[in-house]
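Okay, structure first, notes after.
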Amino acid sequence: MKMHIIGTGTATVSKYINTSCVFEEDDQLFLVDGTGGSDILRAFDTMNLNWKKLHYAFLSHEHTDHFLGMICVIRTIAELLELEEYEGDFYLYGNDVVLEKVLHVCRIILKKRSQAFLESRIKFVLVKDHERKHILNY
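According to my numbering, the sequence shown is numbered sequentially starting from 1.
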(Lines of atoms letter the chains of each structure in order from A; the text may use other names.)
(Lines give C-alpha, C1' and ligand atoms only; values in the text may rest on other atoms or scores of the structure.)
Protein backbone atom coordinates (compact mmCIF):
# COMPACT_ATOMS: atom_id res chain seq x y z
CA MET A 1 0.00 0.00 0.00
CA LYS A 2 1.17 3.52 -0.81
CA MET A 3 0.24 6.64 1.11
CA HIS A 4 0.29 10.02 -0.66
CA ILE A 5 0.40 13.00 1.71
CA ILE A 6 -1.59 15.87 0.23
CA GLY A 7 -1.27 18.40 3.03
CA THR A 8 -3.50 20.92 4.69
CA GLY A 9 -6.17 23.17 3.29
CA THR A 10 -4.22 26.33 3.92
CA ALA A 11 -0.61 25.34 3.36
CA THR A 12 1.64 22.55 2.27
CA VAL A 13 2.55 19.64 4.47
CA SER A 14 4.58 20.69 7.48
CA LYS A 15 6.36 18.83 10.22
CA TYR A 16 3.30 19.09 12.45
CA ILE A 17 0.29 19.39 10.17
CA ASN A 18 -1.02 17.29 7.32
CA THR A 19 -4.75 16.88 7.17
CA SER A 20 -5.26 14.95 3.98
CA CYS A 21 -3.84 11.84 2.36
CA VAL A 22 -4.66 9.22 -0.24
CA PHE A 23 -4.08 5.51 0.26
CA GLU A 24 -3.42 3.56 -2.91
CA GLU A 25 -3.69 -0.19 -3.25
CA ASP A 26 -4.47 -2.53 -6.13
CA ASP A 27 -5.17 0.37 -8.48
CA GLN A 28 -7.76 1.88 -6.09
CA LEU A 29 -7.62 5.13 -4.15
CA PHE A 30 -9.02 5.99 -0.72
CA LEU A 31 -9.01 9.68 0.25
CA VAL A 32 -8.89 10.82 3.88
CA ASP A 33 -10.26 14.35 4.22
CA GLY A 34 -10.37 16.80 1.39
CA THR A 35 -8.21 19.84 2.19
CA GLY A 36 -9.59 23.36 2.34
CA GLY A 37 -10.82 23.77 -1.21
CA SER A 38 -9.79 23.35 -4.81
CA ASP A 39 -6.18 22.60 -3.78
CA ILE A 40 -7.28 18.97 -3.83
CA LEU A 41 -7.65 19.23 -7.62
CA ARG A 42 -4.12 20.56 -8.01
CA ALA A 43 -2.76 17.91 -5.63
CA PHE A 44 -4.32 15.07 -7.65
CA ASP A 45 -2.79 16.52 -10.83
CA THR A 46 0.64 17.10 -9.27
CA MET A 47 0.74 13.60 -7.79
CA ASN A 48 -0.64 12.00 -10.98
CA LEU A 49 -3.58 10.47 -9.09
CA ASN A 50 -6.40 9.32 -11.32
CA TRP A 51 -9.89 10.49 -10.32
CA LYS A 52 -11.40 7.45 -12.01
CA LYS A 53 -9.66 5.22 -9.44
CA LEU A 54 -11.04 7.13 -6.45
CA HIS A 55 -14.06 5.26 -5.13
CA TYR A 56 -13.74 5.74 -1.38
CA ALA A 57 -13.27 8.72 0.91
CA PHE A 58 -13.57 9.48 4.60
CA LEU A 59 -14.40 12.92 5.96
CA SER A 60 -13.47 13.20 9.62
CA HIS A 61 -15.23 16.45 10.49
CA GLU A 62 -16.61 19.67 9.05
CA HIS A 63 -13.74 22.08 9.65
CA THR A 64 -13.07 23.94 6.41
CA ASP A 65 -9.53 22.57 6.03
CA HIS A 66 -11.06 19.10 5.72
CA PHE A 67 -14.54 19.79 4.33
CA LEU A 68 -14.34 22.20 1.40
CA GLY A 69 -12.06 20.06 -0.72
CA MET A 70 -14.48 17.15 -0.40
CA ILE A 71 -17.11 19.27 -2.13
CA CYS A 72 -14.64 19.69 -5.02
CA VAL A 73 -14.06 15.93 -5.02
CA ILE A 74 -17.78 15.20 -5.24
CA ARG A 75 -18.21 17.77 -8.01
CA THR A 76 -15.36 16.17 -9.97
CA ILE A 77 -16.79 12.67 -9.56
CA ALA A 78 -20.26 13.91 -10.55
CA GLU A 79 -18.85 15.52 -13.70
CA LEU A 80 -17.11 12.26 -14.65
CA LEU A 81 -20.39 10.43 -14.08
CA GLU A 82 -22.19 12.91 -16.32
CA LEU A 83 -19.65 12.24 -19.07
CA GLU A 84 -19.99 8.49 -18.49
CA GLU A 85 -16.26 8.34 -17.78
CA TYR A 86 -16.50 6.93 -14.23
CA GLU A 87 -17.15 3.26 -13.53
CA GLY A 88 -18.77 2.09 -10.32
CA ASP A 89 -19.89 4.21 -7.40
CA PHE A 90 -18.22 6.69 -5.07
CA TYR A 91 -18.60 6.17 -1.30
CA LEU A 92 -18.12 8.96 1.21
CA TYR A 93 -17.82 7.74 4.80
CA GLY A 94 -18.39 10.00 7.78
CA ASN A 95 -20.49 10.77 10.82
CA ASP A 96 -24.10 11.93 10.58
CA VAL A 97 -23.31 15.63 11.05
CA VAL A 98 -20.62 15.84 8.38
CA LEU A 99 -22.56 13.75 5.85
CA GLU A 100 -25.67 15.89 6.30
CA LYS A 101 -23.66 19.08 5.75
CA VAL A 102 -21.88 17.74 2.65
CA LEU A 103 -25.16 16.65 1.12
CA HIS A 104 -26.74 20.02 1.91
CA VAL A 105 -23.89 22.00 0.32
CA CYS A 106 -23.84 19.73 -2.73
CA ARG A 107 -27.56 20.26 -3.25
CA ILE A 108 -26.99 24.01 -3.17
CA ILE A 109 -23.98 24.31 -5.48
CA LEU A 110 -23.97 21.34 -7.87
CA LYS A 111 -25.67 21.51 -11.25
CA LYS A 112 -29.03 19.73 -11.40
CA ARG A 113 -27.52 17.06 -13.67
CA SER A 114 -24.80 16.42 -11.10
CA GLN A 115 -27.28 16.36 -8.23
CA ALA A 116 -29.01 13.41 -9.88
CA PHE A 117 -26.03 11.24 -8.83
CA LEU A 118 -26.24 12.18 -5.13
CA GLU A 119 -27.23 9.12 -3.11
CA SER A 120 -27.56 6.94 -6.22
CA ARG A 121 -23.96 6.75 -7.53
CA ILE A 122 -22.38 9.07 -4.96
CA LYS A 123 -23.23 7.30 -1.73
CA PHE A 124 -23.06 8.68 1.79
CA VAL A 125 -22.16 5.99 4.31
CA LEU A 126 -22.71 6.63 7.99
CA VAL A 127 -19.95 5.50 10.33
CA LYS A 128 -20.83 5.48 14.02
CA ASP A 129 -18.41 5.72 16.93
CA HIS A 130 -16.38 2.52 17.34
CA GLU A 131 -17.87 1.00 14.18
CA ARG A 132 -15.67 -0.86 11.71
CA LYS A 133 -16.06 -0.78 7.93
CA HIS A 134 -14.31 -2.94 5.33
CA ILE A 135 -12.66 -0.66 2.75
CA LEU A 136 -10.20 -1.70 0.05
CA ASN A 137 -8.64 -4.93 1.35
CA TYR A 138 -8.92 -4.02 5.03
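C-beta: ideal position from N, C-alpha, C; glycine also. Predicted, not measured: the structure shown is a model, and the values here were computed from it.
Strand pairing of residue i, partner residues [DSSP]
i      : result
Lys123 : Tyr91
Leu118 : Ile122
Met47  : According to DSSP, Met47 bridges with nothing at all.
Leu22  : For clarity, residue 22 is Val in the given sequence; the question names Leu instead. Beta-bridge pairing links Val22 to His4 and Leu31.
Leu110 : DSSP, once it has assigned bridges, lists no residue as partnering Leu110.
Tyr56  : Phe30 and Tyr91
Residue i versus residue j - alpha carbon distance
i      : j      : result
Glu108 : Arg75  : First, the residue type needs correcting, since residue 108 is Ile and not Glu in the sequence shown. Cα to Cα, the separation comes out at about 12 Å.
His130 : Asp96  : 14 Å
Val125 : His104 : 15 Å
CA nearest to the CA of residue i, picked from the options
i      : options                        : result
Gln115 : Ile77, Glu85, Leu136 and Val97 : Ile77
Asp27  : Ile6, Lys2, Gly36 and Gly34    : Lys2
Val127 : Glu119, Leu59 and Met47        : Leu59
Val73  : His61, His63, Asn48 and Leu54  : Leu54
Residue i - DSSP class collapsed to helix/strand/coil
i      : result
Phe67  : helix
Glu79  : helix
Ile153 : In this structure the chain extends from 1 to 138, so residue 153 is not present and cannot be described.
Asp39  : helix
Spatial neighbours of residue i in its chain, beta-carbon cut-off 6 Å, leaving aside the 5 residues before and after
i     : result
Glu82 : Arg113
Any non-hydrogen atom of the ligand COA closer than 8 Å to residue i Cβ
i     : result
Leu81 : As far as ligands go, the structure on display features none, and thus does not contain the ligand COA.
Own chain partners of residue i with C-beta closer than 8 Å, once the 5 adjacent residues on each side are dropped
i     : result
Val32 : Ser20, Cys21, Val22, Phe23, Ala57, Phe58 and Ser60
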